[in-house]
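*Asks:* In the working numbering, the protein residues as written are 180 to 532.
Don't be surprised by glycine CBs; every beta carbon is placed ideally from N, CA and C.
Here's a structure for you.
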Amino acid sequence: MTDGSTWLYCVGGGASSLMLAAALSKYPVLPGPLRIAERKANLGQAQSFGFWVDRPHSLDHLIKARWSRWQFSRQNTESTVHIGERQSYVLIEGADFFDWAALCIESHPQMSLHLNVEITAPPKATHVVDSRPPSLSEFKTYQTFAGIEIEETHPPDPSMVDLMTCMHCDADSLLFLYRLPKPNGCTLIEWTAFGGRPFDMEKLVRMTQESAPSGRIVREERGIIPMGVHQLSSWGTPIGARGQMTRAASGYGFKAMWDWAERAAKQLIEHNEMPSHPIYPAWVGWMDQCLIQIIQSAPHALAGIFSTLAQRLSGDQFADFMMKPTARNALQMMQAAPKRPFVYSAVGCARWI
């Protein structure tokens, strides 16, 4: 070890660092101490993680709810409903995940979590992972969201997720409503914007408040997620959003990060090596880049693109491409997608759409 003490140093206490530590906590003896340093005074809590799963998962114990039906719609049009035969859309609460990860770290004698610590220079350790969040200026495109969780007197149908409904273009962004009805009678209602710059957060908050039914507010969440980041300098191995572990085309990343963390933990223990990057094939990056160019130059086309994909793909096909694309479902997506926007984007002429 470089400094004689630290084996693995995690710069930043975000989800990706905590996942790696949690995956390593399954091993009773590590080659050396693991240290996590987070500049904030506490770990993130007021957020939730939604994603698809198609088989039993090692984080199943954290899943709060799951749905096999989700729907899409453009503003003032009928909905397209997807039914997952293999795939289910699931929810993990941020508080549950962060509490569980902190307990995994606390329970391991070789691990330590240090909050309210500012790291100003690359730390010395055998392995360093860097999960510092990119700054807004380093994003390629932006997913801005504002949500409210409401305890409703008369909750909606708990078996259906509004994944992307009321889609419409506002100036230079695609806007859509995301609604998750939970089994406990609470509903998460969230407006989201995809755009080439951050959307007006206060406007998004007002839209969410106007869409929310009457009831007790349980919590609120808001933030900006990168949809692609520029190449960044990093200390050691970049992970999380910094390591482009979130899909540029969608912002999904939670499951991919956990799958990477389990693989990384195994390789670190067995070979004392960090797995290579990136976690997505180059052709996925190329396809995502085409969509990014459309978001940047022709956001007015996005509602039509997502509506067409929803109508032409099955629920499993859509979820497969969002979570773990293969050559087969990439071909299905390209066959289903409207041709004009992607052809123009592929040749660098998205502004002509």
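Roughly how many angstroms lie between the CA atoms of Ile298 and Lys219, to the nearest whole one?
*Replies:* The straight-line gap from Cα to Cα measures roughly 11 Å.
*Asks:* Cβ of Gln490 within 8 Å of Cβ of Thr256?
*Replies:* No, they are not a contact pair.
*Asks:* Are there 16 or more other CB atoms within 10 angstroms of the CB of Met513, so buried, or fewer, so exposed?
*Replies:* Exposed, since its Cβ has fewer than 16 Cβ neighbours within 10 Å.
*Asks:* How would you call Glu217, buried or exposed, if buried means at least 16 neighbouring beta carbons within 10 angstroms?
*Replies:* Classification for Glu217: buried.
*Asks:* Does the Cβ of Trp531 have 16 or more other Cβ atoms within 10 Å, making it buried, or fewer, making it exposed?
*Replies:* Result: exposed.
*Asks:* Check whether the Cβ atoms of Thr185 and Lys303 sit closer than 8 Å, and answer yes or no.
*Replies:* It is a contact, given that the beta carbons lie within the stated cut-off.
*Asks:* Could you tell me the alpha carbon to alpha carbon distance between Trp414 and His306, rounded to whole angstroms?
*Replies:* Looking at the two C-alpha atoms, the distance is approximately 10 Å.
*Asks:* For the 8 Å Cβ check, are there 3 or more pairs between the region 235-253 and the region 262-277?
*Replies:* With the cut-off at 8 Å, the region 235-253 and the region 262-277 touch.
*Asks:* Compute the Euclidean distance between the alpha carbons of His409 and Thr332, then round it to the nearest angstrom.
*Replies:* C-alpha separation (whole angstroms): 45 Å.
*Asks:* Determine the direct distance from the alpha carbon of Gln289 to that of Phe230, and round the result to whole angstroms.
*Replies:* Their Cα atoms are separated by approximately 32 Å.
*Asks:* For Thr344, count the other beta carbons within 10 Å of its own beta carbon; 16 or more makes it buried, fewer makes it exposed. Which is it?
*Replies:* Thr344 is buried by the Cβ-count criterion.
*Asks:* Could I get the ranges of all uninterrupted beta strand (DSSP E) runs contained in the region 343-376, with 3 residues as the minimum, in chain order?
*Replies:* DSSP runs (the beta strand (DSSP E)) wholly in the region 343-376: 352-360 and 365-374.
*Asks:* Return helix, strand or coil for Met424, following the three-state DSSP convention.
*Replies:* If DSSP states are grouped into helix, strand and coil, Met424 belongs with coil.
*Asks:* Would Val308 and Leu447 be called neighbours here (beta carbons separated by less than 8 Å)?
*Replies:* Not a contact, by the Cβ cut-off of 8 Å.
*Asks:* Based on DSSP bridge pairs, tell me the residues matched to Gly229.
*Replies:* Answer is Leu270.
*Asks:* Between which two residues does the beta strand (DSSP E) harbouring Arg401 extend?
*Replies:* Segment Gly394 to Val408, the beta strand (DSSP E) holding Arg401.
*Asks:* If you count every other CB in all the chains shown that lies within 10 Å of the CB of Gly527, and 16 or more means buried, which is it?
*Replies:* It is exposed - the Cβ of Gly527 has fewer than 16 other Cβ atoms within 10 Å.
*Asks:* Taking C-alpha atoms, which residue in Arg234, Arg253 and Leu315 lies nearest to His347?
*Replies:* Measuring from the Cα of His347, the nearest candidate turns out to be Arg253.
*Asks:* Check the C-beta distance from Phe500 over to Asn508 and give it rounded, since I have them as a contact under 8 Å.
*Replies:* Contact holds; Cβ gap of about 5 Å.
*Asks:* If contact is defined by three or more beta carbon pairs under 8 Å, each pair taking one atom from either stretch, is the region 205-213 in contact with the region 265-277?
*Replies:* No contact exists between the region 265-277 and the region 205-213.
*Asks:* Going by beta carbon distance, what residues of the same chain come within less than 8 Å of Ser390, once the five residues before and after it are set aside?
*Replies:* The answer, listed in chain order, is Leu356, Ile368 and Trp370.
*Asks:* Hey, how far is the Cα of Val340 from the Cα of Val384?
*Replies:* Near 20 Å, if we compare the C-alpha coordinates of Val384 and Val340.
*Asks:* Can you tell me whether DSSP reads Thr181 as helix, strand or coil?
*Replies:* Low per-residue confidence applies at Thr181: pLDDT is 43, beneath 50, and the placement is therefore not dependable, though the value from the model is reported in the following sentence. Here Thr181 sits in coil by DSSP.
*Asks:* Can you round the beta-carbon distance between Ile458 and Ala435 to whole angstroms, since I take them to be within the 8 Å contact cut?
*Replies:* Ile458 to Ala435, Cβ: 6 Å. Contact.
*Asks:* Out of Gly422, Asp351, Ile474 and Cys365, which has the shortest C-alpha to C-alpha gap to Ser393?
*Replies:* Out of Gly422, Asp351, Ile474 and Cys365, Cys365 has the C-alpha closest to the C-alpha of Ser393.
*Asks:* Is the CB-CB distance between His287 and Arg214 below 8 Å?
*Replies:* Contact flag unset, no.
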